[in-house]
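In our numbering, the protein residues as written are 1 to 365. A virtual CB, placed ideally from N, CA and C, is assigned to each residue, including glycine.
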Amino acid sequence: MKRRNWIRQSILSGAAIALTPAINSFIKENEELHEIYRLHWNENHFGPSPSVISAIQKAVPEGNLYWDEKIDDLKADLAQFQGRKKDQYLVTSGSTEVLTLLGQHIGLQEKNILTGAESFPTLPMFGQRCGANVRYVPMDGYKLNLEGFSESIDAHTGLVFICNPNNPTSTEVDPEELASFCRRVPDNVLICVDEAYIEFSKGGPQSSMIHLVDELPNLVVVRTFSKAYGMAGFRLGYACSQAHNIQALSMRYPSLGMAPGLLPVVGGIAALKDQEFVDRAVGQIKEGKQIVYEAFDRWGVIHPHSSTNFVYARKDRFVADVCSRLRKQNILVTQWPSMRDHFRISVGKSEWMDRLVEELEGMRV
Ligand SMILES: Cc1ncc(COP(=O)(O)O)c(C=O)c1O
Numbered sequence: 001m002k003r004r005n006w007i008r009q010s011i012l013s014g015a016a017i018a019l020t021p022a023i024n025s026f027i028k029e030n031e032e033l034h035e036i037y038r039l040h041w042n043e044n045h046f047g048p049s050p051s052v053i054s055a056i057q058k059a060v061p062e063g064n065l066y067w068d069e070k071i072d073d074l075k076a077d078l079a080q081f082q083g084r085k086k087d088q089y090l091v092t093s094g095s096t097e098v099l100t101l102l103g104q105h106i107g108l109q110e111k112n113i114l115t116g117a118e119s120f121p122t123l124p125m126f127g128q129r130c131g132a133n134v135r136y137v138p139m140d141g142y143k144l145n146l147e148g149f150s151e152s153i154d155a156h157t158g159l160v161f162i163c164n165p166n167n168p169t170s171t172e173v174d175p176e177e178l179a180s181f182c183r184r185v186p187d188n189v190l191i192c193v194d195e196a197y198i199e200f201s202k203g204g205p206q207s208s209m210i211h212l213v214d215e216l217p218n219l220v221v222v223r224t225f226s227k228a229y230g231m232a233g234f235r236l237g238y239a240c241s242q243a244h245n246i247q248a249l250s251m252r253y254p255s256l257g258m259a260p261g262l263l264p265v266v267g268g269i270a271a272l273k274d275q276e277f278v279d280r281a282v283g284q285i286k287e288g289k290q291i292v293y294e295a296f297d298r299w300g301v302i303h304p305h306s307s308t309n310f311v312y313a314r315k316d317r318f319v320a321d322v323c324s325r326l327r328k329q330n331i332l333v334t335q336w337p338s339m340r341d342h343f344r345i346s347v348g349k350s351e352w353m354d355r356l357v358e359e360l361e362g363m364r365v
């Protein structure tokens, strides 16, 4: 790898993970003393659903066996749920694994990855580790700039990464505009649409690009059970694409068809059957967002409307060390090094958001 790339890669990956050890040791030191409000990783504090818990508990005694046929069952259920075919799915331990595989795939070809200037770093980061160049497309305010993406595609582009709704800025692009953008991307350039937060978007899962997968040979849609389904700790995600892409990705996936494990997989099967839980959780998170919006609007804090389970907001109406002061109150929020003027607050239970607002009230300037 060229020295310049190596340095850039180190800065990018370092920035993304630098906060993790500090937060982890903070949680370890404090977990027995007080309740910690985990508003930093966009987890779903209403999950997992009781039906998922019960399916997983039932499966525990069967953990002595290899259960690859259950992975097959999950793919069949996903296919039925989304009107696709079983061979159009790769199921992985969290969607992070698919993003990693795609990044590596492009990196090994030493091609370029296009991503938003403020977007989710996993795929570009792994791409860069393996030899890809990452090109950042300036944002259109808080939104991904699809026009800018179109203009930036050139002969070196191997993949465009569209996180929709976008983490960390929390906005979504219009599904019709996104579909029309995807149709304009040349066939030899892969499109990865990361839909980790699609259930929280204005149109919900109906806004997914999965309906385009049969039409576009270069589209890979990535989804997760970590957010709306409340299963982050079980690690379950998937890619949906045309079968030839799924085969190519499977060749690089080191599980030989035996990962993820039995527990996340039976959990996923149960989760798909419990859409009521998802609707309820999305509704509860909406209420929590409202609590934050009301306070922020009263205080003049600038924030986009969130299509996710977190709120992204400017920090300038608060003391400069607002994030560390919140941490001292056992409230964890996120500030990636790239977010100089903003912070990101995951939305949990309403009483937690009330407490957050109470604390923030005293940190205003
Ligand atoms: C946009 C986005 N994609 C993917 C992930 C990875 O999720 P997981 O590996 O838990 O499926 C996250 C996690 O926060 C995310 O925000």
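Inset, instruction - Assign residue 256 to buried or exposed, taking buried as 16 or more other Cβ atoms, counted over all protein chains shown, within 10 Å of its Cβ. - result: Stepping through the sequence shown from its first residue, residue 256 is reached at position 256. Looking at its Cβ environment, which holds fewer than 16 other Cβ atoms inside 10 Å, residue 256 is exposed.
Inset, instruction - Determine the closest residue to residue 226 out of 188, 267 and 182, with distance taken between C-alpha atoms. - result: Sequence index remark: in the sequence shown, residue 226 carries index 226 (1-based). With distances taken between Cα atoms, residue 226 lies closest to 267.
Inset, instruction - Return the residue from the list 62, 320, 309 and 279 that minimises the CA-CA distance to residue 293. - result: Mapped onto the sequence shown, residue 293 falls at position 293. Residue 293 has its Cα closest to that of 309, out of 62, 320, 309 and 279.
Legend entry - Nearest-angstrom Cα separation, counted from residue 197 out to residue 288: If you number the sequence shown from 1, residue 288 lands on position 288. If you number the sequence shown from 1, residue 197 lands on position 197. Taking the straight line from one Cα to the other gives about 16 angstroms.
Inset, instruction - Specify, as a first and last residue, the run of the beta strand (DSSP E) that residue 182 falls within. - result: Residue mapping note: residue 182 aligns to position 182 of the sequence shown, counting from 1. Per DSSP, residue 182 belongs to no beta strand (DSSP E); it is in the alpha helix (DSSP H), 175-184.
Inset, instruction - Report the option in 192, 230, 107 and 72 whose CA atom is closest to the CA atom of residue 216. - result: Stepping through the sequence shown from its first residue, residue 216 is reached at position 216. The candidate whose alpha carbon is nearest that of residue 216 is 192.
Inset, instruction - Quick one: residues in its chain with C-beta nearer than 7 angstroms to the C-beta of residue 228, no 5 flanking neighbours on either side, listed in chain order? - result: Working through the sequence shown from its first residue, we reach residue 228 at position 228. Closer than 7 angstroms at the Cβ level, and outside the excluded window around residue 228, lie 44, 199, 200, 278, 281 and 282.
Legend entry - Whole-angstrom C-beta distance between residue 291 and residue 214, which should lie under 8 angstroms: Stepping through the sequence shown from its first residue, residue 214 is reached at position 214. Stepping through the sequence shown from its first residue, residue 291 is reached at position 291. Rounded, the Cβ-Cβ distance is 41 angstroms, inconsistent with contact.
Legend entry - Assigned secondary structure, residue 266 (DSSP; H/G/I helix, E/B strand, else coil): Looking up residue 266 in the sequence shown gives position 266. Helix at residue 266.
Inset, instruction - Specify the secondary structure class of residue 236 as computed by DSSP and reduced to three states. - result: Mapped onto the sequence shown, residue 236 falls at position 236. Three-state result, residue 236: coil.
Legend entry - Among 66, 116 and 156, nearest to residue 144 - alpha-carbon criterion: Here residue 144 is taken as the residue at index 144 of the sequence shown, counted from 1. Nearest C-alpha to residue 144: 116.
Inset, instruction - Mark residue 124 as exposed unless 16 or more other C-beta atoms lie within 10 angstroms of its C-beta, in which case mark it buried. - result: Sequence index remark: in the sequence shown, residue 124 carries index 124 (1-based). Buried, by the Cβ-count rule.
Inset, instruction - May I ask you to check if the CB of residue 224 is nearer than 6 angstroms to at least one heavy atom of ligand 1? - result: Here residue 224 refers to the residue found at position 224 when the sequence shown is read from its first residue. Within the cutoff, so yes.
Legend entry - Residue from 230, 119, 171 and 101 whose Cα sits closest to the Cα of residue 47: Here residue 47 corresponds to residue number 47 of the sequence shown, with the count starting at 1. Per the Cα distances, 230.
Inset, instruction - Return the chain-ordered list of same chain residues with a C-beta closer than 7 angstroms to the C-beta of residue 33, the five sequence neighbours on each side being excluded. - result: Position 33 of the sequence shown, counting from 1, holds the residue named residue 33. Any answer about residue 33 is weak, because its pLDDT of 49 lies below 50 and its placement is not dependable; what the coordinates show is given next. None.
Inset, instruction - Give the single residue among 121, 103 and 141 whose Cα lies nearest to the Cα of residue 131. - result: By 1-based counting over the sequence shown, the position of residue 131 is 131. Nearest option by C-alpha distance: 103.
Inset, instruction - Following the continuous alpha helix (DSSP H) through residue 245, name the residue where it begins and the one where it ends. - result: Residue numbering aside, residue 245 sits at position 245 when the sequence shown is read from its first letter. 243-252 is the extent of the alpha helix (DSSP H) around residue 245.
Inset, instruction - Let me know the secondary structure DSSP gives residue 212 once reduced to three states. - result: Position 212 of the sequence shown holds residue 212. In the structure shown, residue 212 sits in a helix (DSSP, three-state: H, G or I).
Inset, instruction - Taking all protein chains shown into account, decide if residue 98 is buried (16 or more other Cβ within 10 angstroms of its Cβ) or exposed. - result: Reading the sequence shown from its first residue, position 98 is the one you call residue 98. Buried, since its Cβ has 16 or more Cβ neighbours within 10 Å.
Inset, instruction - Reducing DSSP to helix, strand and coil, say where residue 220 ends up. - result: One-based indexing of the sequence shown puts residue 220 at position 220. In this structure, residue 220 counts as strand in the three-state DSSP scheme.
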